[in-house]
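For the sequence shown, our numbering assigns the number 1206 to the initial residue and increments by one for each residue that follows.
What follows is one structure encoded as structure tokens, with my remarks underneath.
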Amino acid sequence: MATLNDWASATCQRLVAAGIDGPEAATDAEVLARRVLGWNRAHWLSRNREPAPEGFHARVDPLIARRCRREPVAQIVGTREFWGLDIEITRDVLTPRPESELLVETTLAKLVNRLAPWTIVDVGTGSG
């Protein structure tokens, strides 16, 4: 019987065939599987050598089909983690990007050593 890890490898190939880069495809397969299973990453890593539970394929296949049509994972699962917060994602909002987190980290690193109070103004940088 195929394991969840076997499923993830085959799904990664399917996503790559749909035009999604390899590392992103592997992450997407894992994220969508974990969403269906209700598992965090540690749980996935400790149990992905087990067979898929009953009903897994019926629940995950529609999500993979959406991703193959290039729908963003954040829209499929409805959330995206940003700076320690789970942000609700719909088609009506921009998805937080990793580059935005880097911008926050860089800005905070520059400001942390200032003694004077400081103000940060967000001027139209997103839909949130």
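Note that beta-carbon positions come from the ideal geometry of N, C-alpha and C, so glycine has one too.
L1320: first and last residue of the uninterrupted beta strand (DSSP E) it sits in: Where L1320 is concerned, there is no enclosing beta strand (DSSP E), given that its DSSP letter is neither H nor E.
I1269: first and last residue of the uninterrupted beta strand (DSSP E) it sits in: Counting along the chain, I1269 falls outside any beta strand (DSSP E), though it belongs to the alpha helix (DSSP H) covering F1261 to C1273.
Any 3 or more C-beta pairs closer than 8 Å across the region 1248-1265 and the region 1277-1287: no
Length of the line joining the Cα atoms of V1236 and R1272: 11 Å
At least three beta-carbon pairs within less than 8 Å, the region 1206-1217 to the region 1246-1257: yes
P1256 in three-state terms, based on DSSP: strand
Distance between T1312 and R1302 (C-alpha atoms, nearest Å): 16 Å
I1292 - containing beta strand (DSSP E), residue span: L1290 to E1293
Beta carbon of R1240 nearer than 8 Å to that of V1282: yes
E1304 in three-state terms, based on DSSP: helix
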